[in-house]
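Chemist: First residue of the sequence shown: 1, per full-length UniProt numbering; consecutive thereafter.
In this text, a Cβ means the ideal position worked out from N, Cα and C, and glycines have one as well.
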Amino acid sequence: MAGPKPGSSATNQKAGGKKKEVKKETGLGLTNKKDENFGEWYSEVVVSGEMIEYYDISGCYILRPWAISIWETMQVFFDAEIKKMKIKNCYFPLFVSPGVLQREKDHIEGFAPEVAWVTKSGESDLEVPIAIRPTSETVMYPYYSKWIRGHRDLPLKLNQWCNVVRWEFSHPTPFIRSREFLWQEGHTAFATKDEADTEVLEILELYRRIYEEYLAIPVIKGKKSEMEKFAGGLYTTSVEAFIPNTGRGIQGATSHCLGQNFAKMFEINFENDKGEKAMVWQNSWAYSTRTIGVMVMVHGDDKGLVLPPKVASVQVIIVPVPYKDADTQGIFDACSATLDTLTDAGIRAEVDSRDNYSPGWKYSHWEMKGVPLRIEIGPKDLANNQVRAVRRDNSAKKDIPRDSLVEQVKELLESIQQSLFDAAKVKRDTCIQVINTWEEFTEALSQKKMILAPWCDEEEVEKDVKTRTKGEMGAAKTLCSPFDQPALPEGTKFLSKSFLSNVIGQFVSNAFWFP
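#1: Which term fits Thr26, buried or exposed, when burial requires 16 or more other beta carbons within 10 angstroms of its beta carbon?
#2: The alpha helix (DSSP H) with Lys463 in it runs from where to where?
#3: Closer than 8 Å by C-beta to Ala396: which residues in its own chain qualify, once you throw out the five before and the five after it? Chain order, please.
#4: Tell me the residue span of the beta strand (DSSP E) that contains Gly222.
#5: Just how far apart, CA to CA, sit Ala15 and Thr328?
#6: Flag this pair as yes or no: are the beta carbons of Lys224 and Phe483 separated by less than 8 Å?
#7: Whose C-alpha, out of Gln447, Glu114, Ile268 and Pro359, is nearest the C-alpha of Lys277?
#8: Given that a residue counts as buried once 16 or more other Cβ atoms are within 10 Å of its Cβ, and exposed if not, what is Gly150?
#9: From Trp438 to Leu479, what distance separates their C-alpha atoms?
#10: Hey, quick one: how far does the beta strand (DSSP E) through Thr135 stretch, first residue to last?
#11: Among the candidates Glu44, Val219 and Ala263, whose CA atom is the shortest distance from the CA of Leu204?
#12: Do the region 337-350 and the region 312-322 meet, that is, are 3 or more Cβ pairs less than 8 Å apart?
#13: Along the chain, where does the beta strand (DSSP E) that runs through Lys83 open and close?
#14: What whole-angstrom Cβ distance do Ile52 and Pro174 have, given they're in contact under 8 Å?
#15: Which residues does DSSP pair with Gln386 in a beta bridge?
#16: Identify every residue that forms a DSSP beta bridge with Gln251.
#17: According to DSSP, Met279 sits in a beta bridge with which residue or residues?
#18: Going by the beta-carbon positions, is the gap between Pro244 and Gln417 smaller than 8 Å?
#19: With distances taken Cα to Cα, identify the nearest neighbour of Phe92 among Val118, Gln102, Thr135 and Pro129.
#20: Hey, would you say Arg179 sits closer than 8 Å to Trp161, going by beta carbons?
#21: Are there any heavy atoms of the ligand NAP lying less than 7 Å away from the beta-carbon of Thr236, as far as the coordinates show?
#22: With a cut-off of 8 Å on the beta carbons, I'd call Ile132 and Leu94 a contact; round off their distance for me.
#23: Since I believe Tyr363 is in contact with Arg374 (beta carbons under 8 Å), could you give me their beta-carbon distance rounded to a whole number of angstroms?
#24: Which word fits Thr291, buried or exposed, when buried means at least 16 other C-beta atoms lie within 10 angstroms of its C-beta?
#25: Does DSSP put Ile375 in a helix, in a strand, or in coil?
#26: Compute the Euclidean distance between the alpha carbons of Asn89 and Glu185, then round it to the nearest angstrom.
#27: Hey, out of Tyr143, Leu206 and Glu114, whose CA is closest to Arg177's CA?
#28: Would Ile400 be called buried (16 or more neighbouring beta carbons within 10 Å of its own) or exposed?
#29: Could you tell me which residues DSSP pairs with Glu185 in its beta bridges?
#30: Can you name, in chain order, every residue of its own chain whose Cβ lies under 8 Å from the Cβ of Glu212, other than the five neighbours on each side?
#31: Going by CA-CA distance only, name the one from Ile347, Thr467 and Ala337 that's closest to Asp403.
#32: Could you check whether the Cβ of Arg209 sits closer than 8 Å to any Cβ belonging to chain B?
#33: Using the Cβ count rule (16 or more neighbours within 10 Å means buried), how would you classify Glu458?
#34: Please confirm if the region 190-209 is in contact with the region 72-86, defined as three or more CB-CB distances below 8 Å between the two stretches.
#35: Starting from the C-beta of Lys34, find all residues in its chain whose C-beta is less than 7 Å away, skip the five residues before and the five after it, and write them out in chain order.
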């Protein structure tokens, strides 16, 4: 049922029959278009959709309940899954001493530009500055050395939900690149490399599920290059997403095998079952609130956020649509009854019963916030014992008899979840281009494509590609060598300086740096 348009004045009749003038609201809606000015659109939608508020320290943001509820939904899923793997939660302090931070040379060199330091207490300078954790390997591993003595102490598998600080100085972006963010970080130690290798992929699969099953975002699983791997680690695996509007890849989450490098630095040794001294094999893995930013970028549109039902704190918003001389009390009663029916069925629903906003204004408001399904109840719906359902993803409308309400709403929510994933996958796949020459490579980059290229897996070549493609949009970078490799025709040439290197047969996805 249609109501007055947002921004218009209207008269609403309350349940008691008293008329109340509806406030005239202006300015509802986005001023930037996603396809025309993506950066400004994104900045506007995360604020207008009530996900964040800007803070008075650059690069720091207030996460509002609408965003935190999404984070909590992912947290509930992931926490339950890692507990099935016998991983336990803990918490380590935020502060790191300089001596501990600097024990692993390659590691600290990778993070040094981002480390924030506490140098004063009140008006007094600290005798020794204290670092704020950019990640927790050096915070936790001195205590792993203390706790692990023999093979019976292994595996040691811990996770913490916490915040970290990385003092980014260029292009802070809400959720994507901020100076403080929320994440989980897992740190595990094993007696054997086989155990560590197995867990790396098990965790990576959980990250894929977060993106694809909850956020409805297709990702590519693969292994990072030596140049892009975690500083100080043995190898890094990741899930990689793609933003078609910008032509840029974005790292979704990482699962690292640290090997024995940190064990050597922090003397994490144990006596094996043969009575011999050995070093542990370690992993670390993490995903962060960046997930939320990727979701906004992939699914959002010119009306605002578009939330997948699985992570939306409100899956269904119910809007009463009373008209003059309508049975207003009956409409409000029907809304309350609909709310009770849906809530009892486990569906997250709310009624917008505010009487100082027109139905049309409410439609736009909840579209801005990305609620997956809107239910409207007006005089016609009341007379026909039905409700009208309107999808956020494609605006399709459907009249639903009240006696099949729960069944059909659940079907619609499932359909919306799948449709969002399917649409995102089609857009992503359309942007993937297989190339065979350097000319094709540069042309694909100029067209904002994600490139699948035969590559020799040499660091010198990777650096050369970055240098040769550096421009206003940023330089090309490797995302990963996908685990799902296409067949290589005999005689395939590989990406090298001459593009003629006949070496290992791996494809690699490439995209621009994300700013």
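Modeler: In terms of the structure at hand:
#1: Bear in mind that a pLDDT of 46 at Thr26, under 50, signals an unreliable position, so the model cannot answer this.
#2: Glu459 to Thr469
#3: Val390
#4: Ile220 to Lys223
#5: Note that Ala15 scores a pLDDT of 39, beneath 50, so its modelled location is shaky; the value from the coordinates is reported in the next line. Taking the straight line joining both Cα atoms gives about 6 Å.
#6: no
#7: Ile268
#8: exposed
#9: 18 Å
#10: Element bounds for Thr135: n/a, residue is neither H nor E.
#11: Val219
#12: yes
#13: Segment Pro65 to Lys84 is the alpha helix (DSSP H) holding Lys83; no beta strand (DSSP E) there.
#14: 5 Å
#15: Pro401
#16: Glu240
#17: Asn269
#18: no
#19: Thr135
#20: no
#21: Here there are no bound small molecules, and the ligand NAP is not part of this structure.
#22: 6 Å
#23: 7 Å
#24: buried
#25: strand
#26: 10 Å
#27: Glu114
#28: buried
#29: Gln160 and Ala286
#30: Pro218, Val219 and Phe421
#31: Ala337
#32: This model lacks chain B altogether, as it is built from one protein chain only.
#33: buried
#34: yes
#35: Trp41, Asn245, Gly300, Asp301 and Asp302
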